[in-house]
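Here the structure comes first, spelled out in structure tokens, and everything after it is commentary.
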Amino acid sequence: MNIKQQAYNRLVDHGLRPSVQRLTIMEFLLKNRTHPTVEDVYQGVVKSVPTLSRTTVYNTLRMFADMHIAQMITVDDHRVCYDGDLHPHVHFFCRECEQVYDLMDEEAPDLPHSINIAGHYVDEVQLYYKGICKNCASKGELKTLKINN
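Per the numbering used here, numbering of the sequence shown is gapless, rising by one per residue and ending at 234.
Structure, rendered in structure tokens:
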């Protein structure tokens, strides 16, 4: 199945009307596995939909996250990015280059349905590590690396 069809199906399967804006944003998430920010998505789609505003992109991505159509990854107080891959997987944030990577070989928590833990209602689990990626580590001159031996 191609990306356009996957995007269409994901929206329709979750009860959303597949507007041009929603389809374009979902297609971008499915094509670009780079964990884009709102600004990244906006810059990536505005050429194909010039009438699209940053506010629309922001609101659409938030809605996708709220409806579990995409994952919202809150790295810190200043950085939120999005992931179109809904399969359970671990993320890694590099403090040096500020990229988010998928760690598919790491065991990710899978929550097939809501659970109760110590009286708390849990309906979503995210796991991500923070540190220095292998690319930055190989360059030497690191600003933020703290290694405990």
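Just so you know, even glycine gets a beta-carbon here, dropped at the ideal spot from N, CA and C.
May I ask you to verify whether the stretch 97–116 touches the stretch 150–163, counting CB pairs closer than 8 Å and requiring at least 3?
Yes: at least three Cβ pairs fall under 8 Å.
Boundaries (first-last residue) of the beta strand (DSSP E) holding T159:
Segment Q156 to D161, the beta strand (DSSP E) holding T159.
So, at 6 Å on beta carbons, what are the nonlocal neighbours of D187 in its own chain, with the 5 sequence-adjacent residues on each side left out?
H174
From what residue to what residue does the beta strand (DSSP E) around N117 run?
From DSSP, N117 is part of no beta strand (DSSP E); its letter is neither H nor E.
For L171, which of D161, T159, D190 and D195 has the nearest alpha-carbon?
That would be D195, whose Cα lies nearest to the Cα of L171.
Straight-line gap, P135 to Q106 (C-alpha atoms, nearest Å):
10 Å
Could you name each continuous alpha helix (DSSP H) segment of 4 residues or more that falls completely within the stretch 125–202, going from the start of the chain to the end?
139–151
Return helix, strand or coil for V123, following the three-state DSSP convention.
V123 falls in the helix class under three-state DSSP.
Per the DSSP calculation, K215 is bridged to which residue(s)?
Its beta-bridge partners are F178.
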